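Let me begin by presenting the structure, written as structure tokens, before commenting on it.
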Amino acid sequence: MANKGRLRVEDYGASMPVTGEAVQKPPFYYRNMEMMFLVYRTDEDAALAWLPDALELDGEPTVTVILAHYGWSTFGPYHEAMISIRARFEGKVWSYYPALFTDNEAPLIGGREIWGFAKKLAHIEVRHESEAMMGLVERPTGNRLMTAVMRNVTPVATEDFGITPSISLKMIPCATEATRPALAQLIGSELALKPHLGANGIPCIWSGPGSLVYDAPSAIDPWYRLPVREMVGCYSGLFDAVLGHGRILAEL
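In my numbering, the protein residues as written are 77 to 328.
As structure tokens, this is what we get:
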């Protein structure tokens, strides 16, 4: 009789490959996060087309784009761009994240495998020039998908700023010809942001005028299908954070 393998499920690593995990289990820790938040109104039909049928819009169709540089994290340093739609699930307000970009392999793997964040690799920048703060996304490099520009003008009190908990759609395709995926879950998670404090005690959160433009319509990365109809607010800040385990909200 052939010798039987000894690797048991309970011995698996936290992520694939199970004998040499790519990333560890949560929580993940962040320091020196420079983030831009661009909030706008979009078309209702466009938002509904991207929203899973277990969710519903919360009021007017509102989208938030976040562009960020994480100076240090237990994933390593990286940039990220995220788009979310404000939604409701079982009476609670959430931000549903249909798509994200990053420029580092580890958070791409961890984001997809653990929480189901739909991440792809892209070229992302967050930079300052004169009084302007700019974020951009290119995919592939040289093809500008998005440009965000704002000016930091007014400090924002900590109690007046916050991000709602996140919902992601964790989908794993089936290896067979089955019409349904092997797994489809709504996952809830929360990034606990803590703003830096200036030497004068003022939190490093700012608001000001800004704009967001989808530069090149892309059939591959169609963020432009959530068009900007009206800017609601532009914010930036410096933060530390902890990202812990998620929880399964629904099996689809």
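In this text, a Cβ means the ideal position worked out from N, Cα and C, and glycines have one as well. Because the structure is a prediction, the values reported are computed rather than measured.
For residue j and residue i, believed in contact at Cβ under 8 Å, the rounded distance
{"i": "Glu156", "j": "Ile190", "result": "Contact doesn't hold; Cβ gap of about 15 Å is too wide."}
{"i": "Lys246", "j": "Leu259", "result": "7 Å"}
{"i": "Leu176", "j": "Ala163", "result": "Between Ala163 and Leu176 the Cβ distance is about 16 Å, and since that is not below 8 Å, they are no contact."}
{"i": "Val202", "j": "Met112", "result": "6 Å"}
{"i": "Gly313", "j": "Trp282", "result": "7 Å"}
{"i": "Arg220", "j": "Asp291", "result": "4 Å"}
{"i": "Pro103", "j": "Val318", "result": "5 Å"}
{"i": "Gly186", "j": "Phe151", "result": "6 Å"}
Host beta strand (DSSP E) of residue i (start-end)
{"i": "Arg221", "result": "The question names Arg, but residue 221 is Leu in the sequence shown. Where Leu221 is concerned, the enclosing beta strand (DSSP E) stretches over Arg220 to Arg227."}
{"i": "Glu156", "result": "Tyr154 to Phe165"}
{"i": "Asp316", "result": "Glu306 to Leu319"}
{"i": "Trp148", "result": "Thr138 to Ser149"}
{"i": "Glu201", "result": "His199 to Glu205"}
{"i": "Lys80", "result": "Careful: Lys80 lies outside any beta strand (DSSP E) and carries neither H nor E."}
{"i": "Ile243", "result": "Ser242 to Ile248"}
Alpha-carbon to alpha-carbon, residue j and residue i
{"i": "Arg117", "j": "Arg84", "result": "50 Å"}
{"i": "Met209", "j": "Val225", "result": "6 Å"}
{"i": "Arg107", "j": "Val304", "result": "31 Å"}
{"i": "Thr138", "j": "Ile161", "result": "6 Å"}
{"i": "Ile159", "j": "Thr140", "result": "6 Å"}
{"i": "Asp179", "j": "Tyr105", "result": "18 Å"}
{"i": "Trp170", "j": "Ile263", "result": "11 Å"}
{"i": "Arg301", "j": "Thr255", "result": "26 Å"}
{"i": "Ser206", "j": "Phe237", "result": "26 Å"}
{"i": "Lys80", "j": "Glu253", "result": "30 Å"}
{"i": "Arg82", "j": "Pro93", "result": "16 Å"}
{"i": "Ala90", "j": "Asp129", "result": "31 Å"}
{"i": "Glu132", "j": "Leu124", "result": "8 Å"}
{"i": "Leu269", "j": "Gly277", "result": "17 Å"}
{"i": "Leu184", "j": "Tyr172", "result": "18 Å"}
{"i": "Leu328", "j": "Ala122", "result": "22 Å"}
{"i": "Thr272", "j": "Ile239", "result": "According to the sequence shown, residue 272 is His rather than Thr. One C-alpha to the other measures close to 16 Å."}
{"i": "Ala98", "j": "Asp87", "result": "15 Å"}
Residue burial classification, residue i (beta-carbon count within 10 angstroms, cutoff 16)
{"i": "Met222", "result": "buried"}
{"i": "Leu114", "result": "buried"}
{"i": "Gly286", "result": "buried"}
{"i": "Ala78", "result": "exposed"}
{"i": "Met109", "result": "buried"}
{"i": "Trp148", "result": "exposed"}
{"i": "Tyr311", "result": "buried"}
{"i": "Val308", "result": "exposed"}
DSSP state of residue i mapped onto helix, strand, coil
{"i": "Ile278", "result": "coil"}
{"i": "Gly322", "result": "coil"}
{"i": "Arg107", "result": "strand"}
{"i": "Ala258", "result": "coil"}
{"i": "Tyr172", "result": "strand"}
{"i": "Gly192", "result": "coil"}
{"i": "Ile263", "result": "strand"}
{"i": "Gly211", "result": "strand"}
{"i": "Tyr116", "result": "strand"}
{"i": "Leu124", "result": "helix"}
{"i": "Thr234", "result": "helix"}
{"i": "Glu97", "result": "coil"}
{"i": "Glu86", "result": "helix"}
Extent of the continuous alpha helix (DSSP H) to which residue i belongs
{"i": "Glu181", "result": "Glu181 to Gly186"}
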